[in-house]
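Visitor:
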Amino acid sequence: MRYRALSDVRVVDLTHFIAGSYATKLLADMGADVIKVEPPWGEGGRKLGPHRAGNRDRGALFAFLNLNKRGVTLNLKHDRGRELAAGLLDGADLLVENFAPGTLAALGLAPDEMIAKFPRLSIVSISNFGQDGPERDGKLNDLVLFARGGWTFPVGEPDREPLTPPDSLAQYVGALYGAVAAMQALAARDLGLGHGQHIDVSILEATVATMIYETVTFQYTGIVRRREGKRYAVGPFLIVTLNCKDGYAGLHCVTDKQFEGLCDLMGRRELASDPRFNTALNRMLNNNALLEIVEAFFIGRERNWLYREGQRRAIPLVPIPSVVEVLEWEQTKARNYFETIDDPVLGTIRVPGTPLRLTSHRGEASRPAPQLGEHNREIFGGRLGLSDSAIDALEKAGTI
Amino acid sequence: MKTIFDGKVRVLDISMGWAGPLAGQMFAEMGAEVIKVEDTHHFDWWRGSLSMAPPEMRPIERSAVFNTVNRGKRGVTLDLASVRGIEILKRLVNVSDILVENFSPGVIDRLGLGYESVSAINPRLIMISMPSFGNDGPECNTRGYGNTVEAMAGVTGLTGYHDGGGQRYTLSNALGDPVGGLHGVFALMVAMRERERTGRGQLIELAQVEALIPFVADAILEYQFTGKVPAARGNRHRAHAPHGIYRCAGDDNWIALACDTDDQWRSLAGALGMERIAADPRFAGASARKANEDALDAELSRAIAHLDADDCLARIRDAGVLAAPVNPAPAVMADPQIQSRVYFVAIDRAVVGTHLYPGAVARIPDNPLRADVPAPMLGEHNRQVFAEMLGMTDGEIAELERIGVIGSSPRQYRSAS
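The listed protein sequences derive, respectively, from chains A and B. Heads up: the first sequence at position 72 corresponds to 72 in the working numbering, and the numbers run straight through without jumps. If you want the working numbering, it's the position in the second sequence, counting the first as 1, plus 400.
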């Protein structure tokens, strides 16, 4: 889904893989004119996600991360390629990039020089570790990032190795901070300074930013949270993933009212006044005993029954769905959340829609992700005024 | 240096927990004036429970998480069950730019503060509504908190050991909350920019679960291509091995490491004195290692278990292999890169004293974000806000306090929890 709220914002998108591409997707979904600039051989992220047999060059995750963008190719190692990149930056509001720090400067597109040359341009750099510090050139993958950023240590069985979170969740958090930074750059320019800035976003810091339960709480209490298996923690609450008759359910029982509801659900109203459980503090002190009672109840029930009966009592209690059930969930269907894309290579795919529902504009259908160099003629001809023969020559030289 | 908003934007934050308050906090970082409104009957539940400590300990001023996501705000209280309280809130709406709410669907309308009402008072107002599952749809009334939102987004269904027999785990950070808050800030910034052009505010609806689902897009797409429900992979990679977490010497010390290529595997084996293993045909080539991953992990575990974590990491990294310690919170804060960039900021907060809090992520050279202003105590700024913003006299404020429309002591309230 695409809105037109940012239709006056021009973005040059030098991102690749997930953290950069999702940041510019958020801008593109809000209607920004995002031109994705890739090397003539395509960015590495083109292969991300599942493929159709016989075509490994366009992964479905790429097709999702680059919706609503237009795509051109440029070899930035060619002098002419850099000139054309500068041509795109002239008049642009934002350059978003996630190269290794120093890469732009090495390509002759140093951020400070670009901003001096194009004063209304802001540059958002999203990188693993930030633009400075002893490890600014370091590499990361999801496993290592989660471990280092603190997400992994408290999760899993106490007698086993810590359990890493799934997929690339933290890369997306980095992307969000990048997208917010892009809006901050525009606000700073338009409300005050009149000129752009170079903003530095570290994915590691974005990852750590979400760990406030650990980093701040441990200073207050002196307690470092450790793995408690299915329980989120032993605390004045019961936050736990429970085995049911037909799968798992998630319970988030925190307040007195929720606990009273849980007792009622189990047909054990007397537990609410039981001296072991009658206050939040006592529920923490007797957390193991409480867990045993709840486990024994859940194991004999179906998760959808628990969901229905729990919600009826205002308990945050949900079945734990697979992604397939999320895709087929009545709630996402009723809200037309997933969007069907007719991708030129992958065919019909269903992708998550934009979570932001603006009332100022009607949402429009998304434009599929660009094929490699799909908009070369449109952009280099239309925006930079190159003739067809000049574009042919660039193609022949391998610049585009 | 000036902040982006330089005190010229006012945010009315009537949200609770994490997602909504984070949006407010990030506006405070940008220099907006953020008024945190708490109900005199139901103070922000993230303050915790009054039962956790005796009243003289002021337990609800000791919540680490509340004190983190409400930094830089001014705190006021209002009895939202009273006509006077709502009337005062509407006067605050009249002088604000943004209203942030994350009540359950329908609550804001029952309070008489639905978008139609508030936009009639102030057409320039931008309102963001952040329900967990949306304001409509058959299951919009599902009670959602961080980890239930995480579950319904499909994240929990993917979180488990590769050999864990289906047991699922909650993430360590209630990811749905900060992700909802970040989307909220982004959306509000878009709407602010639009208001500059049109002069009009608007309503934004953000269902927190819908903000988190894109993070598992890969698995959702995988199903569409394979017809199979993606399995939890635990610490393993779909194609490469080794890719896991291994115990080192000492108490609960672990390292994560990953090899993408044969060269990296040979370097790793060399660095760990495992040349014999590297020559083992079971581990020659990516597909062989993947097929024999249990045996590979057993060999690696044996080689690493007696090593000091720091030494081991240094050896592995020198060999050009990706690795990191599995950091508990104190180690995250002591991380050399985090320290070098001075990410955490020290703040002295009433009742609890000085602690380090996560700083602002975006480094904006000419308009640095400000993350170093403490969170308010309950009703701390009642006098200041109602006098400055609404022109109330001392007498009027004292009267409101006497009749319980405002207040700063939890003793007079029914606890929310």
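Ideal Cβ positions, reconstructed from N, Cα and C, are used throughout, including at glycine.
Is any heavy atom of the ligand GTP found at a distance shorter than 7 Å from the C-beta of B:Y545?
Guide: Among the ligands in the structure shown, none appear at all, so the ligand GTP cannot be discussed.
Visitor: Would you identify the three-state DSSP class for B:K408, choosing helix, strand or coil?
Guide: coil
Visitor: Which residues bound the alpha helix (DSSP H) around B:Y623?
Guide: A617 to T626
Visitor: Going residue by residue through the segment 476-537 of chain B, where are the continuous beta strand (DSSP E) segments of at least 3 residues, counting only ones entirely within it?
Guide: 498-501 and 526-529
Visitor: Is B:C540 close to chain A, meaning its C-beta is less than 8 Å from at least one C-beta of that chain?
Guide: yes
Visitor: Just mark B:G565 as buried or exposed, buried being the case when its beta carbon has 16 or more other beta carbons within 10 Å.
Guide: exposed
Visitor: From B:R474, B:Y743, B:R802 and B:A551, pick the residue whose C-alpha is nearest to that of B:Q425; which is it?
Guide: B:R474
Visitor: State the DSSP-derived secondary structure class of B:A816, mapped to helix, strand or coil.
Guide: Any answer about B:A816 is weak, because its pLDDT of 36 lies below 50 and its placement is not dependable; what the coordinates show is given next. B:A816: coil per DSSP, three-state reduction.
Visitor: Here's a check: name, in chain order, each residue in its chain whose Cβ is nearer than 7 Å to the Cβ of A:D246, leaving out the five neighbours to either side.
Guide: Closer than 7 Å at the Cβ level, and outside the excluded window around A:D246, lie E302 and R303.
Visitor: Based on Cα-Cα distance, which residue from B:I508, B:E516, B:H583 and B:R636 lies nearest to B:L558?
Guide: B:R636
Visitor: Is the Cβ-Cβ distance between A:V180 and B:A649 less than 8 Å?
Guide: no
Visitor: Could you pull the DSSP bridge partners for A:I123 from this structure?
Guide: For A:I123, which the question treats as bridged, DSSP gives the partners A:L95 and A:H198.
Visitor: The alpha helix (DSSP H) with A:F17 in it runs from where to where?
Guide: Where A:F17 is concerned, there is no enclosing alpha helix (DSSP H), given that its DSSP letter is neither H nor E.
Visitor: Identify every residue that forms a DSSP beta bridge with B:W654.
Guide: B:R647
Visitor: Give a yes or no on whether 8 Å exceeds the smallest Cβ distance from B:Y813 to chain A.
Guide: In this prediction, B:Y813 has a pLDDT of 43, which is less than 50 and means its spatial position is unreliable; what the coordinates show is noted afterwards. For B:Y813, the answer is no, since every Cβ of chain A falls outside 8 Å of its Cβ.
Visitor: Have a look at A:L251, A:E330 and A:L386 and flag the residue whose alpha-carbon is nearest the alpha-carbon of A:I320.
Guide: A:L251
Visitor: How long is the line joining the alpha carbons of B:R410 and B:V752, rounded to whole angstroms?
Guide: 28 Å
Visitor: Quick one: give me the first and last residue of the alpha helix (DSSP H) that B:H583 is part of.
Guide: G576 to T598
Visitor: Closer than 8 Å by C-beta to A:F17: which residues in its own chain qualify, once you throw out the five before and the five after it? Chain order, please.
Guide: E43, G44, G45, L48, N98 and Q171
Visitor: Would you list the one or two residues that DSSP bridges to A:L242?
Guide: Looking at the DSSP output, A:L242 sits in a beta bridge with A:A249.
Visitor: Considering only the beta carbon of each residue, do A:V324 and A:E339 sit closer than 8 Å?
Guide: no
Visitor: Return the first residue and the last residue of the beta strand (DSSP E) that B:R749 is part of.
Guide: Element bounds for B:R749: F744 to R749.
Visitor: Buried or exposed: which applies to A:T399, given that a residue is buried once 16 or more other Cβ atoms fall within 10 Å of its Cβ?
Guide: buried
Visitor: Helix, strand or coil, according to DSSP, for B:P614 in the structure here?
Guide: helix
Visitor: Going along chain B in order, which residues have a C-beta closer than 8 Å to the C-beta of A:S360?
Guide: Those are A591, E594, T598, R600 and Q602, listed as they occur along chain B.
Visitor: What's the gap between the Cα of B:R717 and the Cα of B:A723?
Guide: 6 Å
Visitor: In chain A, what lies closer than 7 Å to B:A724 by C-beta?
Guide: Using a Cβ-Cβ cut-off of 7 Å, B:A724 is close to V144, A147 and R148 of chain A, given in chain order.
Visitor: So, is A:S389 buried or exposed, given that buried needs 16 or more other C-beta atoms within 10 angstroms?
Guide: By the neighbour-count rule (16 or more Cβ atoms within 10 Å), A:S389 is not buried but exposed.
Visitor: Please confirm whether B:S817 has its beta-carbon closer than 8 Å to some beta-carbon of chain A.
Guide: Unreliable placement is indicated for B:S817, whose pLDDT of 33 sits below 50; no coordinate value is reported for it.
Visitor: Mind checking if A:N141 is an interface residue toward chain B, Cβ cutoff 8 Å exclusive?
Guide: yes
Visitor: Can you give the beta carbon distance from A:H361 to A:Y3, rounded, assuming they're within the 8 Å contact cut?
Guide: 4 Å
Visitor: Taking the beta strand (DSSP E) that B:Y757 falls in, what are its first and last residues?
Guide: G753 to P758
Visitor: By DSSP, does B:E433 sit in helix, in strand, or in coil?
Guide: strand
Visitor: For A:V240, which residues in the same chain have their Cβ closer than 6 Å to its Cβ, ignoring the five residues on either side in sequence?
Guide: Cβ within range, chain order: K230, R231 and L251.
Visitor: If you follow the beta strand (DSSP E) that A:K139 is part of, which residue opens it and which one closes it?
Guide: Note, A:K139: premise wrong, no beta strand (DSSP E); not H, not E.
Visitor: Quick one: is B:I620 buried, meaning 16 or more other Cβ sit within 10 Å of its Cβ, or exposed?
Guide: buried
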